[in-house]
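Participant: Every position in the sequence shown, counted from 1, becomes a number in this note's numbering once 12 is added. Glycine residues also receive a C-beta, built at the ideal position from the N, C-alpha and C atoms. Note that the structure is predicted; figures quoted are calculated from it, not measured.
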Amino acid sequence: MQRPLPPEDYRLKETSPHLGGGGIAGDKLTTTYDLVEQMHYLYVRVVKAKDLPAKDVTGSCDPYVEVKLGNYKGTTRHFEKKTNPEWNQVFAFPKERIQSSVIEVMVKDKDLLKDDFMGRVAFDINEVPKRVPPDSPLAPQWHRLEDRKGDKVRGELMLAVWMGTQADEAFPDACHLDAAGVHGEGLANIRSKVYLSPKLWYVRVNVIEAQDLQPSDKGRYPEVYVKGMIGNQGLKTKISQSRTINPMWNEDLIFVAAEPFEEHLILSVEDRVGPNKDEVLGKCVIHLQNVERRLDYKAVNTRWFNLEKHVIVDGEKKKETKFASRIHLRICLDGGYHVLDESTHYSSDLRPTAKPLWKPSIGVLELGILTAQGLLPMKTKDGRGTTDAYCVAKYGQKWVRTRTIIDSSIPKWNEQYTWEVYDPCTVITIGVFDNCHLHGDKAAGTKDSRIGKVRIRLSTLETDRVYTHFYPLLVLHPSGLKKMGEIQLAVRFTCSSLVNMLHIYSQPLLPKMHYLHPLSVMQLDHLRHQATQIVSMRLSRAEPPLRKEVVEYMLDVDSHMWSMRRSKANFFRIMGVLSGLIAIGKWFDQICNWKNPLTTVLIHVLLIILVVYPELILPTIFLYLFLIGIWYYRWRPRQPSHMDTHLSHADRVHPDELDEEFDTFPTSRPADMVRMRYDRLRSVAGRIQTVVGDLATQGERVQSLLSWRDPRATALFVTFCLIAAIVLYITPFQVVALLTGFYVLRHPRFRYKLPSVPLNFFRRLPARTDSLL
Numbered sequence: 013m014q015r016p017l018p019p020e021d022y023r024l025k026e027t028s029p030h031l032g033g034g035g036i037a038g039d040k041l042t043t044t045y046d047l048v049e050q051m052h053y054l055y056v057r058v059v060k061a062k063d064l065p066a067k068d069v070t071g072s073c074d075p076y077v078e079v080k081l082g083n084y085k086g087t088t089r090h091f092e093k094k095t096n097p098e099w100n101q102v103f104a105f106p107k108e109r110i111q112s113s114v115i116e117v118m119v120k121d122k123d124l125l126k127d128d129f130m131g132r133v134a135f136d137i138n139e140v141p142k143r144v145p146p147d148s149p150l151a152p153q154w155h156r157l158e159d160r161k162g163d164k165v166r167g168e169l170m171l172a173v174w175m176g177t178q179a180d181e182a183f184p185d186a187c188h189l190d191a192a193g194v195h196g197e198g199l200a201n202i203r204s205k206v207y208l209s210p211k212l213w214y215v216r217v218n219v220i221e222a223q224d225l226q227p228s229d230k231g232r233y234p235e236v237y238v239k240g241m242i243g244n245q246g247l248k249t250k251i252s253q254s255r256t257i258n259p260m261w262n263e264d265l266i267f268v269a270a271e272p273f274e275e276h277l278i279l280s281v282e283d284r285v286g287p288n289k290d291e292v293l294g295k296c297v298i299h300l301q302n303v304e305r306r307l308d309y310k311a312v313n314t315r316w317f318n319l320e321k322h323v324i325v326d327g328e329k330k331k332e333t334k335f336a337s338r339i340h341l342r343i344c345l346d347g348g349y350h351v352l353d354e355s356t357h358y359s360s361d362l363r364p365t366a367k368p369l370w371k372p373s374i375g376v377l378e379l380g381i382l383t384a385q386g387l388l389p390m391k392t393k394d395g396r397g398t399t400d401a402y403c404v405a406k407y408g409q410k411w412v413r414t415r416t417i418i419d420s421s422i423p424k425w426n427e428q429y430t431w432e433v434y435d436p437c438t439v440i441t442i443g444v445f446d447n448c449h450l451h452g453d454k455a456a457g458t459k460d461s462r463i464g465k466v467r468i469r470l471s472t473l474e475t476d477r478v479y480t481h482f483y484p485l486l487v488l489h490p491s492g493l494k495k496m497g498e499i500q501l502a503v504r505f506t507c508s509s510l511v512n513m514l515h516i517y518s519q520p521l522l523p524k525m526h527y528l529h530p531l532s533v534m535q536l537d538h539l540r541h542q543a544t545q546i547v548s549m550r551l552s553r554a555e556p557p558l559r560k561e562v563v564e565y566m567l568d569v570d571s572h573m574w575s576m577r578r579s580k581a582n583f584f585r586i587m588g589v590l591s592g593l594i595a596i597g598k599w600f601d602q603i604c605n606w607k608n609p610l611t612t613v614l615i616h617v618l619l620i621i622l623v624v625y626p627e628l629i630l631p632t633i634f635l636y637l638f639l640i641g642i643w644y645y646r647w648r649p650r651q652p653s654h655m656d657t658h659l660s661h662a663d664r665v666h667p668d669e670l671d672e673e674f675d676t677f678p679t680s681r682p683a684d685m686v687r688m689r690y691d692r693l694r695s696v697a698g699r700i701q702t703v704v705g706d707l708a709t710q711g712e713r714v715q716s717l718l719s720w721r722d723p724r725a726t727a728l729f730v731t732f733c734l735i736a737a738i739v740l741y742i743t744p745f746q747v748v749a750l751l752t753g754f755y756v757l758r759h760p761r762f763r764y765k766l767p768s769v770p771l772n773f774f775r776r777l778p779a780r781t782d783s784l785l
């Protein structure tokens, strides 16, 4: 049965934008920087000034520059008491908003009451030179300042004015017209930016033993363990079984660390002297930049480290060096693993940490972030709803952020970005957010709001084809599913070597260390949480910051949290996978029961042919699969995948289930509501428990066939096996297969309503359920 289509509002919409100012020929564009619509800008680069006149009583001035074009203007930062200031700022005015034939660049003196006019330079728009990348940058020139009448005055200003496009190298750092009224930190928050994730390593600490520990109470056996810390990550070994002053552990502690290494590894040996009371017997600090790096699982050299013990004397911590205890360690940075900070289901990077293990790239991914439409108001400003939207795209270690378009429900970014591709079975994620940090500290404590997210799997894209679609931006709120708008993207995946790309399909998904020396599921979950925290912390410290809430949303940090909606979605996904087998089973049952005699007779004929010519069985199966694949080619998907509301069960979720999904952890709901949800969870878990128990029972019955748990049943089965071996030895295989097929396909007149003898025998076999409490 075909799954119902999503509502029209939630579908992809194919578009035909005028990309790159050129045309599309055979799905290939004919210009460079060609995945976005060409936008023309008037650029003004204000470099510096010299010999400015004094305006203050101190004999100096506080200069700044104002660039004015019709009703729009932008200003540089001002300098205090400086007659030769240097700004080096670029302003960009969209060509379609130019409302004047003259652009003025004025130098002013900052004052408490009214800023003083110092001079200006004016340009006729029609005479501004045009620059088309990759032309050489336009060199700035010195211009004498003029007064309002056009007479020359003291002072000169170095600047450059030209017409260009968003492909200009000045575009990312330019102050755009839409940023009018935004200053200081807010100005940095609206510009486009490229970020790199920190290089993540697994730090493996093999704690072997310690020597000559000095517990304070020498009359008891010490209960010693080792605690390791890197930043806010803390791990402990088990308490040593050898309760002496020379304990042994031989345990591994695994941490995540980011390069460049800012935190140190701190190991402390502690003695549990009582409940919730531990005594530190010694500490050592290890600098990670000095730790050996390895590419495989070869053992690294062990080292002894001295343990320093600190004592409190007169309220001050002092180092005690009367006796030197030691700890024996094997420490390395494991470069053969890929440090997971995303789910493997939609990971954008699968390479190991160590660069010497990387394979050559197999292609290039190009993304054009064009426009959005129908964005809902995300906040209120001056009594009306407004949205200040920007996009973030993440693939591999490279994050990109577009500029923020101020106060627009139909923003136009038209920015293009490129990534190298090392594995086609990876996913690029594009998120849209509302910028809530345009006014610096005034907005402290607020978070950038989510507008929606899109994921595109590269392996589902045809190579060298340009996909241009409007993707729905869907967000699940406590009130239900909401469409926040649509984003228009242009995507192209270019393959440099088809042979290398096809070879990738034969390789393991993750680096081989994950299979030769795997980490446990619990370890991977813990390490992934630590990795996402490190990435979000490092990127939030960039300038401008890529904020923590943005990084966590892009990395799906909360995807492991319980959700009744997700559980239902996964259950129906399983049912969808099994639906084909179920349909085949129903069809075969109809054949066996002669619902359609003609079909059953044809199946008998096919059975006879395959039994007489058994060498045709496998070729027939593979030929049938080949024909099915060719038949389905005409219905192959022609659009990239996108967020599916029906698959996610987001379009028919119960309000209480939504409230539970958005509850905090630990819960903040009233006790009676928590009780109701707990009872519901117990009910659901009880049904899951029953199904798992039934599966375990069937497996244990198979095991009991030969285990003599039921001696009579095992004796019957062993006897049957002996008789079957003799019969099958003296009877040709074709006869056995033919008789078995005829028996299975026998007419309903020869069938009984009661279960068959083998099924009755199997159901009577013992399982271990009677041993459960």
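Out of T356, T475, R232, Y55, state which residue places its alpha-carbon closest to the alpha-carbon of K85.
Facilitator: Walking along the sequence shown from the start, residue 85 turns up at place 73. The candidate whose alpha carbon is nearest that of K85 is Y55.
Participant: Could you tell me whether the Cβ atoms of Y483 and L150 are closer together than 8 Å?
Facilitator: Position 471 of the sequence shown, counted from the first residue, corresponds to residue 483. Position 138 of the sequence shown, counted from the first residue, corresponds to residue 150. Result no, Cβ atoms of Y483 and L150 do not sit closer than 8 Å.
Participant: Nearest-angstrom Cα distance between I629 and H515?
Facilitator: The residue you call residue 629 lines up with position 617 of the sequence shown. The residue you call residue 515 lines up with position 503 of the sequence shown. In a straight line, the C-alpha of I629 is about 30 Å away from that of H515.
Participant: Quick check: the Cα distance between T506 and Q500, rounded to an integer number of angstroms?
Facilitator: For the purposes of this step, residue 506 is identified with residue 494 of the sequence shown, where counting begins at 1. For the purposes of this step, residue 500 is identified with residue 488 of the sequence shown, where counting begins at 1. Cα to Cα, the separation comes out at about 20 Å.
Participant: Within 8 Å, do at least three Cβ pairs link the region 346 to 353 to the region 362 to 369?
Facilitator: Yes, since at least three Cβ pairs between the region 362 to 369 and the region 346 to 353 fall closer than 8 Å, the two stretches touch.
Participant: Please work out which residues of its chain come closer than 6 Å, Cβ to Cβ, to Y22, disregarding the five sequence neighbours upstream and downstream, and give them in chain order.
Facilitator: For the purposes of this step, residue 22 is identified with residue 10 of the sequence shown, where counting begins at 1. Cβ neighbours of Y22 beyond the five flanking positions: P484, T657.
Participant: If you drop the 5 nearest sequence neighbours on each side, which residues of the same chain put their C-beta closer than 8 Å to that of K295?
Facilitator: One-based indexing of the sequence shown puts residue 295 at position 283. These residues qualify, in order along the chain: I278, L279, S280, V281, L319, E320, K321, H322.
Participant: For the region 563 to 574 against the region 586 to 601, are there 3 or more C-beta pairs whose distance is under 8 Å?
Facilitator: Taking 8 Å as the limit for Cβ pairs, the verdict is that the region 586 to 601 does not touch the region 563 to 574.
Participant: Please name the residue in K391, P678, V238 whose C-alpha comes closest to that of R338.
Facilitator: Start at 1 with the first residue of the sequence shown, and residue 338 comes out as number 326. Comparing Cα-Cα distances from R338 to each of K391, P678, V238, the minimum goes to V238.
Participant: Fully enclosed by the region 588 to 636, which alpha helix (DSSP H) runs are 4 residues long or longer?
Facilitator: Complete alpha helix (DSSP H) runs here, min 4: 609 to 624.
Participant: Rounding to the nearest angstrom, what Cα-Cα distance links H299 and V547 in this structure?
Facilitator: The sequence position of residue 299 within the sequence shown is 287, counting from 1. The sequence position of residue 547 within the sequence shown is 535, counting from 1. Roughly 20 Å between the two C-alpha positions.
Participant: What do you reckon, are the CB atoms on E235 and I251 nearer than 8 Å?
Facilitator: What you label residue 235 is simply residue 223 of the sequence shown in a count that begins at 1. What you label residue 251 is simply residue 239 of the sequence shown in a count that begins at 1. Result yes, Cβ atoms of E235 and I251 sit closer than 8 Å.
Participant: In whole angstroms, what is the alpha-carbon distance linking P210 and H541?
Facilitator: For the purposes of this step, residue 210 is taken as residue 198 along the sequence shown, with counting starting at 1. For the purposes of this step, residue 541 is taken as residue 529 along the sequence shown, with counting starting at 1. About 15 Å.
Participant: How far does the alpha helix (DSSP H) with V144 in it reach, from first residue to last?
Facilitator: Counting from 1 along the sequence shown, the entry for residue 144 is found at position 132. Where V144 is concerned, there is no enclosing alpha helix (DSSP H), given that its DSSP letter is neither H nor E.
Participant: Touching or not, the region 527 to 543 and the region 414 to 428, by the rule of three or more beta carbon pairs under 8 Å?
Facilitator: They do not touch, by the three-pair rule.
Participant: Report yes if the C-beta distance between V478 and L341 is below 8 Å; otherwise report no.
Facilitator: Your numbering for residue 478 matches position 466 in the sequence shown. Your numbering for residue 341 matches position 329 in the sequence shown. It is not a contact, given that the beta carbons lie outside the stated cut-off.
Participant: Compare the Cα-Cα distances from R232 to each of R255, C448, V217 and report the closest residue.
Facilitator: For the purposes of this step, residue 232 is taken as the residue at position 220 of the sequence shown. Comparing Cα-Cα distances from R232 to each of R255, C448, V217, the minimum goes to R255.
Participant: Answer yes or no: do D446 and D460 have a C-beta to C-beta separation smaller than 8 Å?
Facilitator: Along the sequence shown, one-based indexing puts residue 446 at 434. Along the sequence shown, one-based indexing puts residue 460 at 448. Yes, they are a contact pair.
Participant: Give me the Cα-Cα distance between E291 and R692, rounded to the nearest whole angstrom.
Facilitator: If you number the sequence shown from 1, residue 291 lands on position 279. If you number the sequence shown from 1, residue 692 lands on position 680. If I take the Cα positions, the gap works out to 45 Å.
Participant: Let me know if H481 comes out buried or exposed under the rule of 16 or more other beta-carbons within 10 Å of its beta-carbon.
Facilitator: Translated into positions along the sequence shown, residue 481 becomes position 469. Buried is the call here.
Participant: Classify D180 as helix, strand or coil using the three-state DSSP reduction.
Facilitator: Taking the first residue of the sequence shown as position 1, residue 180 is located at position 168. Note: D180 maps to coil in three-state DSSP.
Participant: Confirm, please, whether the CB-CB distance from T632 to L622 is below 8 Å.
Facilitator: As a first step, residue 622 is located in the sequence shown; it is residue number 610 there, counting from the start. As a first step, residue 632 is located in the sequence shown; it is residue number 620 there, counting from the start. Their beta carbons are under 8 Å apart, which means L622 touches T632 by this criterion.
Participant: Which whole-angstrom value is the C-beta distance of A179 and P145, which I expect to be below 8 Å?
Facilitator: If you number the sequence shown from 1, residue 179 lands on position 167. If you number the sequence shown from 1, residue 145 lands on position 133. Yes, A179 and P145 are in contact; Cβ-Cβ is about 4 Å, under 8 Å.
Participant: State the start and end residues of the unbroken beta strand (DSSP E) segment that holds H526.
Facilitator: As a working mapping, residue 526 is identified with position 514 in the sequence shown. It is not in any beta strand (DSSP E) - H526 instead sits in the alpha helix (DSSP H) that spans 525 to 528.
Participant: Taking all protein chains shown into account, do 16 or more other C-beta atoms lie within 10 angstroms of the C-beta of W213, making it buried, or fewer, making it exposed?
Facilitator: Locating residue 213 in the sequence shown gives position 201, where the first residue counts as 1. Buried, since its Cβ has 16 or more Cβ neighbours within 10 Å.
Participant: Where does the unbroken alpha helix (DSSP H) through V563 begin, and where does it stop?
Facilitator: In the sequence shown, counting from the first residue as 1, residue 563 sits at position 551. Taken as a continuous stretch (DSSP letters only), the alpha helix (DSSP H) holding V563 covers 560 to 566.
Participant: Roughly how far, in whole angstroms, is the beta-carbon of E168 from the beta-carbon of L157, given that I think they are within contact range, below 8 Å?
Facilitator: In the sequence shown, the residue the question calls residue 168 occupies position 156. In the sequence shown, the residue the question calls residue 157 occupies position 145. Going by Cβ atoms, the distance from E168 to L157 rounds to 7 Å, so yes, they are a contact pair.
Participant: Excluding the 5 residues flanking D68 on each side, which residues of the same chain have their C-beta closer than 8 Å to its C-beta?
Facilitator: Translated into the one-based positions of the sequence shown, residue 68 becomes position 56. Same-chain partners within the cutoff: D74, K93, D121.
Participant: Are V433 and L377 touching if we call contact CB-CB under 8 Å?
Facilitator: Sequence index remark: in the sequence shown, residue 433 carries index 421 (1-based). Sequence index remark: in the sequence shown, residue 377 carries index 365 (1-based). Yes, Cβ-Cβ distance for V433 and L377 is below 8 Å.
Participant: Tell me whether I242 sits in a helix, a strand or coil according to DSSP, three-state version.
Facilitator: Mapped onto the sequence shown, residue 242 falls at position 230. Note: I242 maps to strand in three-state DSSP.
Participant: Identify which residue in N608, L307, P389 has its Cα closest to the Cα of P760.
Facilitator: Working through the sequence shown from its first residue, we reach residue 760 at position 748. Nearest option by C-alpha distance: N608.
Participant: Run through DSSP, which three-state label would F129 get?
Facilitator: The residue labelled residue 129 in the question sits at position 117 within the sequence shown. F129 falls in the strand class under three-state DSSP.
Participant: For E263, which residues from the same chain have a beta carbon less than 7 Å from its beta carbon, with the 5 sequence-adjacent residues on both sides left out?
Facilitator: Here residue 263 refers to the residue found at position 251 of the sequence shown. Same-chain partners within the cutoff: V219, T249, K250.
Participant: DSSP three-state label for Y22, please.
Facilitator: As a first step, residue 22 must be located in the sequence shown, where it is residue number 10. Three-state result, Y22: helix.
Participant: With a threshold of 6 Å on Cβ separation, who are the neighbours of N100 within its own chain once the five nearest residues in sequence on each side are excluded?
Facilitator: Here the question's residue 100 lines up with position 88 in the sequence shown. The residues are V59.
Participant: Count the other C-beta atoms from every protein chain shown that fall within 10 angstroms of the C-beta of F638, then say buried if there are 16 or more, exposed otherwise.
Facilitator: As a working mapping, residue 638 is identified with position 626 in the sequence shown. Exposed: under 16 other Cβ atoms inside 10 Å.
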